[in-house]
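Letter 67 of the sequence shown, counting from 1, is numbered 433 in this note's numbering, and no numbers are missing.
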Amino acid sequence: MYVLGIVKGALSARAGSISFSFFMAIFPFLLFILNLLPFIPIENLEVILLNFIEILVPENSQNFFASIFLDIQNKPRGGLLSSVFLLSIFLTANGVSAIFASFEESYHIDLSRNFLKQYFYSICVAVMLAITLLLAVIVSVFFEIYIFKNLEELIQSTVNWIRLGQSFFYVVITYISVAILYYFGTIEGKKSSFFSPGALMTTLLIIFTTWAFGIYIENFSTYNQLYGSIGALLIFMLYIWINSIVLLLGFELNATLNRLKNEEDKSN
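1) By DSSP, does A621 sit in helix, in strand, or in coil?
2) Would a C-beta distance cut-off of 8 Å place V612 and L547 closer than the cut-off?
3) How many angstroms separate the CA atom of N624 from the CA atom of I399?
4) Decide if E618 is buried, meaning its Cβ has at least 16 other Cβ atoms within 10 Å, or exposed.
5) Kindly indicate which residue of L416, E470, V505 and F386 has the alpha-carbon position closest to the one of Y549.
6) Applying the 10 Å Cβ sphere with the 16-neighbour rule, what's the burial state of V537?
7) Can a CB atom of chain D be found closer than 8 Å to the CB of V537?
8) Between M567 and G616, is the Cβ-Cβ spacing less than 8 Å?
9) Please determine, among F386, G382, L614 and L453, the residue with the shortest C-alpha to C-alpha distance to P394.
10) Could you say which of Y487, L614 and V507 lies nearest to A376 if we only look at CA atoms?
11) Could you check which residue in I465, S562, L495 and L570 has the C-alpha nearest to that of S533?
12) Rank S433, A621, E629 and A381 by C-alpha distance to the C-alpha of I553 and give the top, closest one.
13) Here's the rule: buried if 16 or more other CB atoms are within 10 angstroms of the residue's CB, otherwise exposed. What is V503?
14) Does the separation of the CB atoms of F560 and A545 fall below 8 Å?
15) Flag this pair as yes or no: are the beta carbons of I606 and F466 separated by less than 8 Å?
16) When we look at the beta-carbon of N609 and count the other beta-carbons within 10 Å, is it buried (16 or more) or exposed?
17) Which residue's Cα is closest to the Cα of G551: I572, F602, I475 and Y582?
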């Protein structure tokens with residue numbers, strides 16, 4: 367049944383829709399987060415956030431991503447801060463709504479929300495994802511200052527505890543973010559537990575694809591030689607598309623398990 371959902375669910379087309387919407391939403395999402403930073407009393411939080419986010423993107427795209435991040439950060443934003451804040455939420459919610467719409471096109475999903483309810487959930491999830499990312503950065507800073515540096519002093523080894531800690535928080539935030547999308551993405555999503563098998567599978571696959579994609583880009587890809595600076599953009603978009611497929615694979619697993627559970631309940 368899982369394979370049937372993948373075959374009949376137009377996975378590639380849905381992944382293309384998600385990757386486009388995600389790419390359009392990611393920079394408004396950064397704008398949204400940057401508007402929250404002044405309310406958090408941590409020195410150089412912008413630099414810490416950028417270093418944390420760079421772990422999530424391919425190495426060849428980090429300079430491209432960092433330049434846009436710094437441009438958004440340094441560009442003067444006229445008018446009321448509240449209006450910019452609301453606009454960034456609106457644009458980010460559009461991307462989240464497109465992801466939810468792709469979830470509802472699954473072969474195993476029968477129910478769907480109306481537009482207003484879907485958009486309300488999208489706004490809530492966009493805010494939740496932003497808060498999750500900021501909390502992860504703040505906690506990682508705390509661990510880096512008070513725990514990992516002390517571990518390096520106490521334990522004389524070649525292990526880079528700070529880098530290991532950053533990787534750990536990367537895994538945690540990936541899992542929680544995916545779980546949030548799956549749980550609130552569809553009506554049937556709440557029938558699964560928040561910490562679902564699909565979220566776990568997606569997290570593990572994202573870790574693997576990030577590692578494998580990095581090796582491929584470093585050793586085999588000729589994007590930068592062929593396209594110059596725009597190659598970083600193409601690499602980033604390809605990375606998003608691959609992980610969009612991974613996101614749908616995990617969602618299909620949860621949807622399949624829900625369908626099997628419902629059929630079992632009906633038979634009993």
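Glycine included, every Cβ here is placed at the ideal spot set by N, Cα and C.
Source: prediction; values computed, not measured.
Once the coordinates are examined:
1) helix
2) no
3) 34 Å
4) buried
5) E470
6) exposed
7) Annotation note: the requested chain D is absent from the structure, which comprises a single protein chain.
8) yes
9) L453
10) L614
11) L570
12) A621
13) buried
14) yes
15) no
16) buried
17) I475
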